[in-house]
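Note that the protein sequences, when read in sequence, are chains R and P. Numbering-wise (my numbering), the first sequence opens with residue 138 and increments by one. Numbering-wise (my numbering), the second sequence opens with residue 138 and increments by one. The beta-carbon is built from N, C-alpha and C at its ideal position, and this holds for glycine as well. Computed from a prediction, not measured in an experiment: that's the story for all the values here.
Number of protein chains: 2
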Amino acid sequence: MKAILISIGNELLSGKTVNTNATYISSKLHELGIETLRVVTIGDDAAEIQQQLQLALQQADVIITTGGLGPTHDDITKKAIVEFLGSHLIFKEEILHKIEERFRRRGSQMPAINRNQAMVPADAELIDNPVGTAPGLLFRRDGKMIFVLPGVPREMKAMMEDFILPLLKDQGKLEPIHVFQYRTTGIAESRIYEICHDLFEAHPQLEVAFLPRFIGVDIRILVKDSALQQMDYSRFERELYGRIGKYIYTTGTEELEAVVGRLLKEKGWTIAVAESCTGGLVQDRITNVSGSSGYFMGGMVTYSNDSKVKFLGVKPESLAAHGAVSEVVAREMARGIREAMGTDIGVSTTGIAGPTGGTPEKPVGLIYIGLATADTVVARRFVFVQDRRLNKELGAQAALEMVRRYLLGIPIDNDPSSKKESG
Amino acid sequence: MKAILISIGNELLSGKTVNTNATYISSKLHELGIETLRVVTIGDDAAEIQQQLQLALQQADVIITTGGLGPTHDDITKKAIVEFLGSHLIFKEEILHKIEERFRRRGSQMPAINRNQAMVPADAELIDNPVGTAPGLLFRRDGKMIFVLPGVPREMKAMMEDFILPLLKDQGKLEPIHVFQYRTTGIAESRIYEICHDLFEAHPQLEVAFLPRFIGVDIRILVKDSALQQMDYSRFERELYGRIGKYIYTTGTEELEAVVGRLLKEKGWTIAVAESCTGGLVQDRITNVSGSSGYFMGGMVTYSNDSKVKFLGVKPESLAAHGAVSEVVAREMARGIREAMGTDIGVSTTGIAGPTGGTPEKPVGLIYIGLATADTVVARRFVFVQDRRLNKELGAQAALEMVRRYLLGIPIDNDPSSKKESG
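Pasting the structure below:
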C-alpha cells in the first residue's frame, strides 16, 4: 500500500509554519508498513488541489489531505475536493448541533460563519472530531481511500489515532515492518559505508538508511516481517558489531548522555566536569537527564587561566610551558575537578573553539579531552571542523563518548588524529 | 517570480526527519517577494525526481532541490537531474582537492567514496560549500534557474545566504521588501497581540508575523518599498517601543547572549555564573559568542549542596532553613561566584527542572535567579512549564535577560509570578 499526503495552506508556503503534520502522518503510516511516496505542500488554491489529487489517484492507494477545513473564506479544500470527485454538499442538522454544543460548552455563541462546517459531502463518511468543529471526511473511489483532515495538529492527530490508523491496520493486506536502530558516534557516514557496504549488499532484504547528525550517525534498518523470518538477523547483527560495534552507543533512541548516566548508575560512580572550550555544554547535556543529580556532583567552566589554577590546581608552569590547550593541562584539569568535587571520575575539555585564536601549531578546532579516575589519567587530542558552535558540540560529544568507552573498557583511541598518551 | 521546492530524501518520508529546510527556504524567498507555489517531498527515486522537475519547469521560474548529494549509494539526486537535463558529469580536480583538504584538516583521510562528489555536471555553475564537501549546482534552462543543494541544513543555508539570495535579489524584477525584526523575551505572543493589535491594524500596509520560540517571540514586519516610502515608519516604531520596548532585546538577528556580551564589553565589565538547575546552559550560551573570553571569566555548576557550600560560600544554615531552591540561596550563590571569580557581576540559577523533585510549595519549574554586583544583590522568582529541557532553556534565558536589563537600567520585575526583593 502506498500513500501520498497533500498539505494545504498558504501559511505553509510563506515559511511561517513548519509542516509537522506530514512528518507525524508519514511516521505513523511507516509503522503500519505503508510507504509514503510523496508529500505535496500547496496553497489554498482549488485548481492546484484538484491537480494534485488527480496525480495522487494515479499512484497511491491512500491519500490524506490536511488543512483548509476551517470556516473562513480562504479554507476551500472541501469545496475543491467535492467538485473534483463529482460529489455535492448537503446540510446535516446533527453536525450543526455538535458545533453549536462545542461553542456552548466554552461559554460562547457559535459565529454564523461556522454554519459552513455543517455542510458535508453527500457520499463521504464523516470522521468525528473530538477536539474541534470541522469533521474529517473519507471518500472511497476505485478501492482507494481519500481522507480529508483539518490542519490543526491536535484535531488531525485525534482523527488519525481514533479512526484512520485502526481502519488502515484492518485492511489486513499490510505486512508488519521491523525497525532496528544503531546510534553511532566518532565515525563518519562514508567510513561506515566503506566498512560495511558489502555486508549490507549481502542482505538486500534489509533497507539500510544512514541518518547523519553532526555528532554522530544513526543507522536505521527496516525489514519486512516475512524477510526477517527467513534470515538469521542476530548473525547479521553480530557481524555488524564486529565491524563497527565500538562506535554504537545504543540500539534504542536514548542520547549519549543518558547512556553514560545509566552506566554510571550501574557502577555506582559519580562524575564531575571541568570545561574550557566547551563552555558548559558537557554539563548541560549531562543534566538534561532526569536523575542526573544522583551521579553528577557538579563542575566548573574554567575559561580563564587564573580559574584553572585557582580551582583545579593546574600548575602555572604547565600553562607556561604547554599553553592552556595541551594534553598536560587537560590531564591536570581532569585530575583537579575530580579532587575538588570528590568524585570517581573527572572529565575535562580544553581547546580552541574559534573562529579566532588559532595558530598553525594549534588550529581552531583543536581540543584535548582529559579523563581522570583514582588510578588513571588520560588525555586525547581531537581536531574538528571550523565553526565555533559545532566545535563545542563535537567536543562535548567526544567527552561523553570517552566516558562511555572508559566505563565499558573500550579503547578510547578512535579519533584518527589522536595520539595515545597517559600521564 | 514563482518558486517550487523539491525536497529529496527517504528519511523525510518515513517521518524520521522534519522538513525544516523547506520552511527556511520559503520564508527567505517570501522576503524577496518570490512566492513558493509548492513544496514537494519525495524519496531518493530517480523517476520521481525527474517527474517533479518536469512539472516544476512548467510552472516556476526558480526551482530549488535539497538533499541526495551525499557520497553514498542512496544519494542519487545529481545523477537523476543531470540525466533529465541532458547534461553529463565531468571530473573536477580542484573539487577533489577541496574535499581532500577538508578531511586532511580534520586529520583523517578522505574515504574513496567521497571521490564521487568531485564529479560535477559539465554545464552547471558550482556553488561553493563553505561547511561541507558537496558543492551546490545551478542549471539555467529557458530563463529558469534550477538550484541543486545538499540537504544538510547548515550547508544549504550557507549556500542560500552567500550565493542564491543575493543572486535572486539582483534579478531586478522584484520590488524590494523591507524586513524589520524585533526579538522579544519575557512576554507571550497573545499578550503582544493584546497590547499592539490596534497599532498593527492601523497600519494594514505592514505584514506582521509573530515567530514564537519557547524562549521568546520574534516580531517580523514586512513592508513593500513603495508602501514604506509613503509612511512614517520611525513614528510607528516609536509607538511600538512605547508599548513593548522593554521586552525587545535586539532589532537584529543576534541572540540574547550576544547582546549581553556587547553590553558587558561596552561597560568593560566581567561576569561569572553559578548554575544549579540550568546545569551549564547559561555558560554554554555565553560562550557561544566569539570573544566571550574577554568578559566571561568562568563559572560553576554546583549541582550538589556540598559544592554550593564549598565553592560559593552558601551558608549551611541558609540551605537548612530555606532549601537549595530559594531566594536566599540564589543571592548567596550570585554573591559567591562573583567573589570566587573576581568579576563585576555574578549570576546564579537554582530551581527544580523536573520532572521529579517538585512539591506543592516548590513545584517543578520553580526557578530563582540571582544577580550580584559590588553594590547590589537581587533575586527573582519564576515558574515555568513542566518539561525538564524547556525549564532549563527558559531559566537560562531569564538569567541572561536579567543581566541585560540590569546593564541597561530596565526594571527586572517582568515575570508575573516574581516577587521583587533584594538582600
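Minimum Cβ-Cβ distance from residue i to chain R less than 9 angstroms
i              : result
A249 (chain P) : yes
I504 (chain P) : no
Q459 (chain P) : As written in the sequence, residue 459 (chain P) is His, which differs from the Gln given in the question. Cβ-Cβ to chain R under 9 angstroms: no for H459 (chain P).
M297 (chain P) : no
P453 (chain P) : no
K529 (chain P) : yes
A536 (chain P) : no
E237 (chain P) : no
E338 (chain P) : no
L348 (chain P) : yes
V354 (chain P) : no
Closer than 9 angstroms at the beta carbon, the chain R residues around residue i
i              : result
R175 (chain P) : L150, V177, T178, I179, G180, E185 and Q189
H167 (chain P) : L150, S151, G152 and K153
S164 (chain P) : S151, G152 and K153
Proximal chain R residues relative to residue i, where beta-carbon distance stays under 7 angstroms
i              : result
T157 (chain P) : V155
D421 (chain P) : G416, G417, L418 and D421
M434 (chain P) : Y440, S441 and S444
CB contact below 9 angstroms: residue i versus chain P
i              : result
F240 (chain R) : no
T322 (chain R) : no
T510 (chain R) : no
S554 (chain R) : Residue confidence is low: S554 (chain R) scores 40 on pLDDT, short of 50, so the model does not pin down where it sits. Its coordinate-derived value is still stated next. With 9 angstroms as the cut-off, S554 (chain R) counts as an interface residue toward chain P.
M138 (chain R) : no
F276 (chain R) : no
R291 (chain R) : no
P341 (chain R) : no
E312 (chain R) : no
Identified DSSP bridge partners for residue i
i              : result
E298 (chain P) : For E298 (chain P), which the question treats as bridged, DSSP gives no partner whatsoever.
S485 (chain P) : P:A411 and P:G507
Y319 (chain P) : P:I356
G435 (chain P) : R:T439 and P:A409
R350 (chain R) : R:G353
R278 (chain P) : P:K281
T202 (chain R) : R:I143 and R:V285
I264 (chain R) : R:G273
F228 (chain P) : P:M256
K215 (chain P) : Answer is none; K215 (chain P) lacks a bridge partner.
Cα-Cα separation, residue i to residue j
i              : j              : result
L192 (chain R) : D260 (chain R) : 22 angstroms
L304 (chain R) : L194 (chain R) : 19 angstroms
P287 (chain P) : I145 (chain R) : 26 angstroms
T424 (chain R) : G435 (chain R) : 10 angstroms
T154 (chain P) : S164 (chain R) : 9 angstroms
I314 (chain P) : R278 (chain P) : 27 angstroms
S327 (chain P) : F337 (chain R) : 52 angstroms
I171 (chain P) : M138 (chain P) : 5 angstroms
T486 (chain P) : G473 (chain P) : 12 angstroms
V466 (chain P) : I489 (chain P) : 14 angstroms
I329 (chain R) : I381 (chain R) : 8 angstroms
S455 (chain P) : D355 (chain P) : 40 angstroms
V360 (chain P) : V396 (chain R) : 50 angstroms
T387 (chain P) : T322 (chain P) : 10 angstroms
G389 (chain R) : H234 (chain R) : 47 angstroms
P548 (chain P) : G379 (chain P) : 15 angstroms
A197 (chain P) : V176 (chain P) : 12 angstroms
A184 (chain R) : V199 (chain R) : 21 angstroms
Residue i: contacting residues in chain P (beta-carbon distance under 9 angstroms)
i              : result
T160 (chain R) : L149, G152, K153, T154, V155 and N156
M282 (chain R) : Ordered by position in chain P, no residue passes the 9 angstroms Cβ test against M282 (chain R), which lies about 19 angstroms from the chain.
Chain P residues whose Cβ lies nearer than 7 angstroms to that of residue i
i              : result
V522 (chain R) : R243
K427 (chain R) : Residue 427 (chain R) is actually Ser in this sequence, not Lys. By Cβ distance, chain P contributes P492, T493 and R525.
A364 (chain R) : Correct list: empty, because the minimum Cβ distance to chain P is about 17 angstroms.
S430 (chain R) : Y440
M539 (chain R) : Per Cβ cutoff of 7 angstroms: no residues; M539 (chain R) is ~17 angstroms from chain P at best.
Contacts of residue i in chain R (Cβ-Cβ under 8 angstroms)
i              : result
R328 (chain P) : By Cβ distance, chain R contributes nothing, its closest Cβ being about 20 angstroms from R328 (chain P), past 8 angstroms.
T513 (chain P) : The contacting residues do not exist; T513 (chain P) stays about 24 angstroms from chain R at best.
Under 8 angstroms from the C-beta of residue i: neighbouring residues of chain P
i              : result
E331 (chain R) : P248, A249 and I250
T496 (chain R) : In chain order: nothing, as chain P lies at least about 14 angstroms away.
Compile a chain-ordered list of the residues in the segment 468-493 of chain P whose CB is closer than 9 angstroms to at least one CB of chain R.
-> A477, M478, G479, A490, G491, P492 and T493
Residues of the segment 368-393 of chain P with a CB closer than 7 angstroms to any CB of chain R: list them in chain order, please.
-> none
Could you list the residues in the segment 254-271 of chain P with a C-beta less than 7 angstroms from some C-beta on chain R, going in chain order?
-> V268
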